[in-house]
(Lines of atoms letter the chains of each structure in order from A; the text may use other names.)
(Lines give C-alpha, C1' and ligand atoms only; values in the text may rest on other atoms or scores of the structure.)
Protein backbone atom coordinates (compact mmCIF):
# COMPACT_ATOMS: atom_id res chain seq x y z
CA UNK A 838 0.00 0.00 0.00
CA UNK A 839 1.37 3.40 -0.99
CA UNK A 840 1.92 5.63 2.03
CA UNK A 841 -0.05 8.88 1.76
CA UNK A 842 3.13 10.83 2.45
CA UNK A 843 4.58 9.41 -0.72
CA UNK A 844 1.66 10.34 -2.98
CA UNK A 845 3.63 13.09 -4.69
CA UNK A 846 6.75 10.96 -4.87
CA UNK A 847 5.83 8.72 -7.81
CA UNK A 848 9.35 9.04 -9.20
CA UNK A 849 10.84 7.67 -5.98
CA UNK A 850 11.58 3.97 -6.57
CA UNK A 851 10.69 3.12 -2.97
CA UNK A 852 7.41 5.07 -2.96
CA UNK A 853 6.21 3.89 -6.35
CA UNK A 854 4.58 0.54 -5.60
CA UNK A 855 5.12 -0.79 -9.12
CA UNK A 856 8.89 -0.76 -8.56
CA UNK A 857 8.79 -3.30 -5.73
CA UNK A 858 7.33 -6.68 -6.62
CA UNK A 859 5.54 -8.80 -4.02
CA UNK A 860 8.10 -11.62 -4.31
CA UNK A 861 10.90 -9.13 -3.45
CA UNK A 862 9.31 -8.10 -0.15
CA UNK A 863 10.58 -9.91 2.94
CA UNK A 864 8.43 -8.07 5.45
CA UNK A 865 6.03 -5.17 5.43
CA UNK A 866 3.94 -3.36 8.02
CA UNK A 867 2.17 0.01 8.19
CA UNK A 868 5.40 1.97 8.65
CA UNK A 869 8.29 0.04 7.07
CA UNK A 870 9.25 -2.45 4.41
CA UNK A 871 12.18 -4.85 3.93
CA UNK A 872 12.90 -6.07 0.41
CA UNK A 873 15.69 -7.49 -1.74
CA UNK A 874 17.91 -4.93 -3.45
CA UNK A 875 17.59 -4.61 -7.23
CA UNK A 876 21.34 -3.91 -7.33
CA UNK A 877 22.72 -6.44 -4.84
CA UNK A 878 26.32 -6.37 -3.68
CA UNK A 879 25.91 -10.00 -2.58
CA UNK A 880 23.16 -12.60 -2.52
CA UNK A 881 20.69 -11.59 0.18
CA UNK A 882 21.43 -7.84 -0.01
CA UNK A 883 18.32 -6.33 1.53
CA UNK A 884 17.01 -2.79 1.98
CA UNK A 885 14.85 -1.65 4.88
CA UNK A 886 12.92 1.58 4.31
CA UNK A 887 10.30 3.63 6.06
CA UNK A 888 7.18 3.98 3.93
CA UNK A 889 7.07 7.67 4.73
CA UNK A 890 9.21 9.49 2.20
CA UNK A 891 12.16 10.93 4.11
CA UNK A 892 15.67 11.51 2.85
CA UNK A 893 17.60 10.72 6.00
CA UNK A 894 17.58 9.17 9.42
CA UNK A 895 17.83 12.59 11.05
CA UNK A 896 14.33 13.54 9.88
CA UNK A 897 12.62 10.56 11.53
CA UNK A 898 10.90 10.77 14.88
CA UNK A 899 12.32 8.68 17.72
CA UNK A 900 9.37 6.30 17.41
CA UNK A 901 10.03 5.91 13.66
CA UNK A 902 13.73 5.23 14.29
CA UNK A 903 12.83 2.55 16.86
CA UNK A 904 10.35 0.93 14.48
CA UNK A 905 12.76 1.03 11.53
CA UNK A 906 15.65 -0.48 13.46
CA UNK A 907 13.48 -3.18 15.03
CA UNK A 908 12.82 -4.29 11.46
CA UNK A 909 16.52 -3.95 10.57
CA UNK A 910 17.36 -6.22 13.52
CA UNK A 911 14.63 -8.74 12.62
CA UNK A 912 15.73 -8.80 8.98
CA UNK A 913 19.41 -9.18 9.88
CA UNK A 914 18.56 -12.18 12.08
CA UNK A 915 16.61 -13.83 9.25
CA UNK A 916 19.42 -13.22 6.74
CA UNK A 917 22.03 -14.50 9.17
CA UNK A 918 20.05 -17.65 9.95
CA UNK A 919 19.13 -18.42 6.32
CA UNK A 920 22.38 -17.56 4.52
CA UNK A 921 24.94 -18.10 7.30
CA UNK A 922 27.28 -15.30 6.18
CA UNK A 923 30.59 -14.64 7.92
CA UNK A 924 29.39 -11.13 8.72
CA UNK A 925 26.88 -8.41 7.83
CA UNK A 926 27.33 -4.83 6.65
CA UNK A 927 24.46 -2.74 8.01
CA UNK A 928 24.33 0.93 7.15
CA UNK A 929 22.84 3.92 5.43
CA UNK A 930 24.18 6.82 3.36
CA UNK A 931 22.99 10.42 3.64
CA UNK A 932 23.78 12.76 0.77
CA UNK A 933 25.41 12.27 -2.61
CA UNK A 934 28.91 12.68 -1.22
CA UNK A 935 28.23 9.81 1.19
CA UNK A 936 26.96 7.60 -1.64
CA UNK A 937 23.19 8.10 -1.40
CA UNK A 938 21.75 7.42 -4.86
CA UNK A 939 18.03 7.34 -3.96
CA UNK A 940 16.65 10.29 -1.99
CA UNK A 941 14.61 8.05 0.31
CA UNK A 942 16.12 6.70 3.51
CA UNK A 943 17.12 3.06 3.19
CA UNK A 944 19.22 0.83 5.41
CA UNK A 945 21.40 -1.73 3.62
CA UNK A 946 21.87 -5.18 5.08
CA UNK A 947 24.60 -6.92 3.09
CA UNK A 948 25.73 -10.48 3.87
CA UNK A 949 29.55 -10.70 3.76
CA UNK A 950 31.64 -13.80 3.18
CA UNK A 951 35.33 -14.59 3.55
CA UNK A 952 36.93 -13.79 0.22
CA UNK A 953 34.47 -11.17 -1.00
CA UNK A 954 35.48 -7.53 -1.12
CA UNK A 955 34.27 -4.50 0.76
CA UNK A 956 34.92 -0.94 -0.36
CA UNK A 957 38.07 -0.47 1.70
CA UNK A 958 39.64 -3.60 0.23
CA UNK A 959 38.89 -2.40 -3.30
CA UNK A 960 40.46 1.06 -2.85
CA UNK A 961 44.06 1.19 -3.96
CA UNK A 962 46.85 2.41 -1.71
CA UNK A 963 47.09 5.63 -3.71
CA UNK A 964 43.39 6.60 -3.62
CA UNK A 965 42.49 5.68 -0.07
CA UNK A 966 42.65 8.52 2.47
CA UNK A 967 43.23 5.73 5.00
CA UNK A 968 46.14 4.17 3.11
CA UNK A 969 48.75 5.06 5.76
CA UNK A 970 46.64 3.33 8.40
CA UNK A 971 45.54 0.39 6.26
CA UNK A 972 48.98 -0.37 4.84
CA UNK A 973 51.17 0.75 7.77
CA UNK A 974 52.82 -2.65 8.28
CA UNK A 975 53.62 -3.39 4.64
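In the numbering used here, the protein residues as written are 838 to 975.
Heads up, the beta-carbon is just placed ideally off N, CA and C, and yes, glycines get one too.
For clarity, every value in this text was computed on a predicted model and none was experimentally measured.
Identify every residue that forms a DSSP beta bridge with residue i.
i	result
residue 864	871
residue 925	948
residue 883	873, 946
Run the CB neighbour count on residue i, radius 10 Å, all protein chains shown included, and call it buried at 16 or more, exposed below.
i	result
residue 860	exposed
residue 935	exposed
residue 938	exposed
residue 891	buried
residue 853	exposed
residue 963	With a pLDDT of only 49 at residue 963, under 50, the local geometry of the prediction cannot be trusted, and the value read off the model is given with reservation. Result: exposed.
residue 899	exposed
residue 885	buried
residue 913	buried
Heavy atom of the ligand GDP less than 6 Å from the Cβ of residue i, yes or no?
i	result
residue 903	You won't find the ligand GDP in this model; it holds no ligand whatsoever.
Just the C-alpha distance for residue i and residue j, rounded to the nearest angstrom, thanks.
i	j	result
residue 895	residue 929	11 Å
residue 888	residue 851	8 Å
residue 946	residue 952	18 Å
residue 849	residue 927	22 Å
residue 876	residue 883	10 Å
residue 911	residue 923	18 Å
residue 870	residue 932	21 Å
Please report the residue range of the alpha helix (DSSP H) in which residue i lies.
i	result
residue 851	Careful: residue 851 lies outside any alpha helix (DSSP H) and carries neither H nor E.
residue 914	899 to 920
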